[in-house]
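So the structure is just underneath, and the comments pick up after that.
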Amino acid sequence: MSDKKHFEKTVLLSFGHLGVVVASFLIPIFLSRWLTVEMYGTYKQLMLVYLLAMVIGHMGMDNGLFYFIKNHPEHRSLFSLNVMLFDSLVAAVLCAGLCLFPNFVGELFNNPELAKPLPYFALFLFFSIPTQHFEHYLTVLDHIKAAIAVSFVYETLKAVVLIGGFYVFNSMSEVFAGLAVLTGVKFAVLAGLNLREWRHTANKWQVSKRFLREQIYFSIPQGLTNLISFCLKLDKFVISTLFSVRQFTVYAVGCFEIPLIGSVSNTMTDLMSFDMVESHKNPEHLKYLWHTTLRKVALFQMPVAAFLVFFAEPVIRFVFSDTYAQSAPYFRIFTLILLLTGFSPEILFRVFARTGRLLRLQSVAAIYTVAAVVSSAFFFGPLWALFTKFLCDVLTQVLYSRDAARLLQLKATEYFPWAQIQRIGLVSVLGAATAWLSTTPFALGVFWQLAIGGSLYALYLALAAIPTGLVMPDEVAYLKAKVRQLLQFAPVS
0 MSDKKHFEKT VLLSFGHLGV VVASFLIPIF LSRWLTVEMY GTYKQLMLVY LLAMVIGHMG
60 MDNGLFYFIK NHPEHRSLFS LNVMLFDSLV AAVLCAGLCL FPNFVGELFN NPELAKPLPY
120 FALFLFFSIP TQHFEHYLTV LDHIKAAIAV SFVYETLKAV VLIGGFYVFN SMSEVFAGLA
180 VLTGVKFAVL AGLNLREWRH TANKWQVSKR FLREQIYFSI PQGLTNLISF CLKLDKFVIS
240 TLFSVRQFTV YAVGCFEIPL IGSVSNTMTD LMSFDMVESH KNPEHLKYLW HTTLRKVALF
300 QMPVAAFLVF FAEPVIRFVF SDTYAQSAPY FRIFTLILLL TGFSPEILFR VFARTGRLLR
360 LQSVAAIYTV AAVVSSAFFF GPLWALFTKF LCDVLTQVLY SRDAARLLQL KATEYFPWAQ
420 IQRIGLVSVL GAATAWLSTT PFALGVFWQL AIGGSLYALY LALAAIPTGL VMPDEVAYLK
480 AKVRQLLQFA PVS
């Protein structure tokens, strides 16, 4: 795939995630103002269970989907059905546990109110786990516009159900019942699309059974890795267990993740991994793909992270209200953690089928991360626990990168496109600092502080992008062509 194609697909998929971005801001804007701190904290605890269950629920089957489709494209629907079948079985076990032991879950989170909506939440989770690969599946098939449509429609409707449900019923049970219906429709659509194509497969039962075994065998190390990832995300569980619901809510609000950041970097690495599988035996091309992808990740994530770090307090106050202003220090640290995640080389271990090695590295990381975070939380409090997690994540990424460099046959000095990343970081920090210093002397409301600061920062980046070499000529040409295309549809006065 050419650089131009990569850039076009990244831009398209990023715009396709606008529904996710809008929802990620609208939901807390409304819920943090409508709900009490304790009720909003209960909702955040349920969403923590949701996110972690989505990580461990597929047991690695989703991660290996692109590998099998790229090698056997004629059986694409079969692979997706196998993922749905396996994920449904795992989801059934997880959801049964939530329904059978609701009081235990409430005690685990130091919040008895958590037990009440668990049956409806479990139903929502049951349909969510087997369908989470839908958009990724369409992307692997190169159905970019379909992936955009599914992501936008589903996330927008999910936000409508959440906001509307709390406004009308003010009850989590009714809200999660509505989400279960919506996600059930998504499940039916994905299953229907796959079954329609799968019916025409010769010897479909025998072929499905054979590939299911191969998929499970391929995915077991990645599934175990996901379980270890569960341990690496235990910081919120630790805070929830050791502190009150109110303190957990402050911590969870500070760990506010803007989905566009993760989705764009994931899109870039996914597109890279497809090409890496095809260029497995060409070290020079692998190095080129890796450096190109890292530059694009840095070009998007570092400017966003710099702005969020400098404008953390107005962002939190705007999205969550003044009630949660004390979450701003947590948000700064969490933004740096997200920035680190964008450069993670975990996908390289899957491309090179070295998931066993990744599992060993993550096991070591889980041990020192959990021990350090629990100790920091117990002795120094939630903020130090999050900062400790950041330091542990830095060490973990160093360990990953050392092994990833060997896979790519690169020296440590060649692993990153250091000059480009340093340039992007310097320009981003200077721009964000300038925008912040330009707005702080004035008594501006949070909206105007963000609007003016963001506009100044965007103008600075636009003016600095080409002279500093942050944006490549072909990317500039592509964007200019798209702008000209849009202007052709503008009405002539």
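Sequential numbering from 0 applies to the sequence shown in the numbering used here. Glycine included, each C-beta is placed from N, C-alpha and C at the ideal position. Remember, it's a predicted structure, so these values are computed and weren't measured experimentally.
| Item | Value |
| --- | --- |
| Would you call the CB atoms of F330 and A431 closer than 8 Å? | no |
| What is the rounded straight-line gap between the Cα of N81 and the Cα of S320? | 44 Å |
| Would Y42 pass as a contact of L30 if the rule is Cβ separation under 8 Å? | yes |
| Please confirm whether P302 and L460 have their CB atoms less than 8 Å apart. | yes |
| Looking at the structure shown, is P440 part of a helix, part of a strand, or coil, going by DSSP? | coil |
| Rounded to the nearest angstrom, what separates K69 and R75 at their Cα positions? | 9 Å |
| Specify whether the stretch 358 to 370 and the stretch 227 to 243 touch according to this definition: at least 3 beta carbon pairs, one from each stretch, less than 8 Å apart. | yes |
| Which same chain residues end up closer than 6 Å to F85 when comparing Cβ atoms and leaving out the 5 residues on each side of it in sequence? | M60 |
| State the Cα-Cα distance for the pair F217 and A476, rounded to the nearest angstrom. | 41 Å |
| State the CB to CB distance for the pair A90 and I128, rounded to an integer number of angstroms; the pair is presumed to be in contact (CB under 8 Å). | 4 Å |
| Quick test of your reading: H284 and P416, contact by CB under 8 Å. State the CB separation rounded to the nearest angstrom. | H284 to P416, Cβ: 15 Å. No contact. |
| Could you check if G163 is buried or exposed, using at least 16 other CB atoms within 10 Å of its CB as the buried criterion? | exposed |
| Buried or exposed for L223, please, with buried defined as at least 16 other CB atoms from any protein chain shown within 10 angstroms of its CB. | buried |
| I want to know whether the stretch 371 to 386 touches the stretch 402 to 409 - three or more CB-CB distances under 8 Å. | no |
| Spatial neighbours of T248 within its chain, please: C-beta separation below 7 Å, excluding the five flanking residues on both sides. | V36, Y39, G40, K43 |
| Taking 8 Å as the threshold, find out whether the stretch 168 to 180 comes into contact with the stretch 114 to 128 through three or more Cβ pairs. | yes |
| With a threshold of 16 other CB atoms inside 10 Å of the CB of K132, please say whether the residue is buried or exposed. | Note that residue 132 is His in the sequence shown, not Lys. Under this definition H132 is a buried residue. |
| Within the same chain, show all residues whose beta-carbon is closer than 8 Å to that of Y250, passing over the 5 residues directly before and after it, in chain order. | K235, I238, F242, S326, Y329, P381, L385 |
| Count the other CB atoms, across all protein chains shown, that sit within 10 Å of the CB of M171; report buried if there are 16 or more and exposed otherwise. | buried |
| Please classify I332 as buried or exposed, where buried requires at least 16 other C-beta atoms within 10 Å of its C-beta. | buried |
| In this structure, how does DSSP classify D141 when only helix, strand and coil are distinguished? | coil |
| Return the first residue and the last residue of the alpha helix (DSSP H) that D86 is part of. | 75 to 99 |
| M38 lies in the alpha helix (DSSP H); which residues open and close that run? | 36 to 56 |
| Can you grab the Cα-Cα spacing for the pair L97 / Q300, in whole Å? | 36 Å |
| If distances are taken between C-alpha atoms only, which option among V160, S427, F78, K295 comes closest to L137? | F78 |
| S437 to L93, Cα distance in whole Å? | 51 Å |
| With DSSP run on the structure shown, which of helix, strand or coil describes S492? | With a pLDDT of 41 at S492, under the threshold of 50, the predicted position of this residue should be treated as unreliable, though the coordinate-derived value follows. Note: S492 maps to coil in three-state DSSP. |
| Compare the Cα-Cα distances from F556 to each of V428, Q448, V54 and report the closest residue. | Lying before the first or after the last residue shown, residue 556 is absent from the chain, which here runs from 0 to 492. |
| Out of curiosity, what's the CA-to-CA distance linking V139 and F65? | 6 Å |
| May I ask you to report which of helix, strand or coil DSSP gives K479? | helix |
| Using the Cβ count rule (16 or more neighbours within 10 Å means buried), how would you classify V180? | exposed |
| Measure the C-alpha to C-alpha separation of P472 and A464 and round it to an integer number of angstroms. | 11 Å |
| Does the structure place the stretch 192 to 209 close enough to the stretch 340 to 351 that three or more beta carbon pairs sit under 8 Å? | no |
| In or out: A311 buried (at least 16 other Cβ within 10 Å) or exposed? | buried |
| By the DSSP assignment, the alpha helix (DSSP H) with P494 in it spans what residues? | No answer is possible for residue 494: it lies beyond the span of the chain, which begins at 0 and ends at 492. |
| With burial defined as no fewer than 16 other Cβ atoms inside 10 Å of the residue's Cβ, what is the status of E73: buried or exposed? | exposed |
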